[in-house]
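Engineer: Following this message is one structure expressed as structure tokens.
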Amino acid sequence: MRLEAEFTSEPFHGEGSPPEHALAARDAAAEAGLDTDFGPLGTLARGDAKSLLEALPAITQAALDGGATQVTLQVRRAADEGNEAVPDATVEQQAAGSTPVVELNDALARLIADVERELGARLAELDRPGKQRAVRLLRERGAFGLRKSVSSVADALGVTRFTVYNYLNREAD
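Mind the numbering: the sequence shown is residues 1090 to 1262 in the numbering used here, read in order.
Take a look at the structure:
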């Protein structure tokens, strides 16, 4: 069986050179003989189940030693010819038996979900100060360096893009 592991390490950086912790994690995966796809928001490693599972501690340690404050890891069966990869779903969605809303490769959706967990409510259910805090947390985590992020965050908050820009400008002052 072949597996895929997608890992992201934080803090995210906007444009420019990738952070040292991301490079260290990618290098650890490559040193373990895994096929890797390195992107600005995460790394996808593929390999046989035994090799990939044995490499995960080294990948995690490399990221942490490189300065990561958090490493997020998701593992799934790799798509074989004729078979699709096993989809990712949150625990709540699995329990409810619903279709996943947050896709594995959607970094912004993962950041939003992390902030919702941290704040204890869906972004749209927060009061104004809570929404402002959510925008601040998302900014700190690099969410607004992602394409079309303001629109997506506005939708999640249940506000306009103009409101999100106001929250961002308030933080900048």
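Heads up, the beta-carbon is just placed ideally off N, CA and C, and yes, glycines get one too.
#1: To the nearest angstrom, how far is it from the Cα of residue 1198 to the Cα of residue 1220?
#2: Around the C-beta of residue 1209, are 16 or more other C-beta atoms found within 10 angstroms, so that it is buried, or is it exposed?
#3: With C-beta atoms as the reference, is residue 1204 less than 8 Å away from residue 1257?
#4: List the endpoints of the continuous beta strand (DSSP E) containing residue 1093.
#5: Throw me the rounded Cβ distance for the residue 1098 and residue 1157 pair, which I believe falls under 8 Å.
#6: According to DSSP, is residue 1121 helix, strand or coil?
#7: On the DSSP letters alone, give me the boundaries of the beta strand (DSSP E) that residue 1162 sits inside.
#8: What did DSSP end up calling residue 1156 once you bin it into helix, strand or coil?
#9: Tell me residue 1127's beta-bridge partners as DSSP assigns them.
#10: Using C-beta distances below 8 Å, list every residue in its chain close to residue 1195, excluding the 5 sequence neighbours before and after it, in chain order.
#11: If distances are taken between C-alpha atoms only, which option among 1211, 1201, 1112 comes closest to residue 1152?
#12: DSSP three-state label for residue 1137, please.
#13: Hey, residue 1238 and residue 1250: beta-carbon distance below 8 Å or not?
Structural biologist: Let's see:
#1: The residue labelled residue 1198 in the question sits at position 109 within the sequence shown. The residue labelled residue 1220 in the question sits at position 131 within the sequence shown. Roughly 16 Å separates the two Cα atoms.
#2: Stepping through the sequence shown from its first residue, residue 1209 is reached at position 120. Here residue 1209 is exposed, its C-beta having fewer than 16 other C-beta atoms within 10 Å.
#3: The residue labelled residue 1204 in the question sits at position 115 within the sequence shown. The residue labelled residue 1257 in the question sits at position 168 within the sequence shown. Residue 1204 places its beta carbon 8 Å or farther from that of residue 1257.
#4: As a first step, residue 1093 must be located in the sequence shown, where it is residue number 4. Where residue 1093 is concerned, the enclosing beta strand (DSSP E) stretches over 1091-1099.
#5: The sequence position of residue 1098 within the sequence shown is 9, counting from 1. The sequence position of residue 1157 within the sequence shown is 68, counting from 1. 4 Å between Cβ atoms; contact.
#6: In the sequence shown, residue 1121 corresponds to position 32, counting from 1. Residue 1121 falls in the coil class under three-state DSSP.
#7: Mapped onto the sequence shown, residue 1162 falls at position 73. Its beta strand (DSSP E) spans residues 1159-1166.
#8: Reading the sequence shown from its first residue, position 67 is the one you call residue 1156. Here residue 1156 sits in coil by DSSP.
#9: Within the sequence shown, residue 1127 is the residue found at index 38, counting from 1. Answer is 1132, bridged to residue 1127.
#10: Indexing the sequence shown from 1 puts residue 1195 at position 106. Hits under 8 Å: none found.
#11: For the purposes of this step, residue 1152 is identified with residue 63 of the sequence shown, where counting begins at 1. Nearest neighbour of residue 1152 by Cα position, chosen from 1211, 1201, 1112, turns out to be 1112.
#12: In the sequence shown, counting from the first residue as 1, residue 1137 sits at position 48. The answer is strand: DSSP assigns residue 1137 an E or B state.
#13: Within the sequence shown, the letter at position 149 stands for residue 1238. Within the sequence shown, the letter at position 161 stands for residue 1250. The Cβ atoms of residue 1238 and residue 1250 lie no closer than 8 Å to each other.
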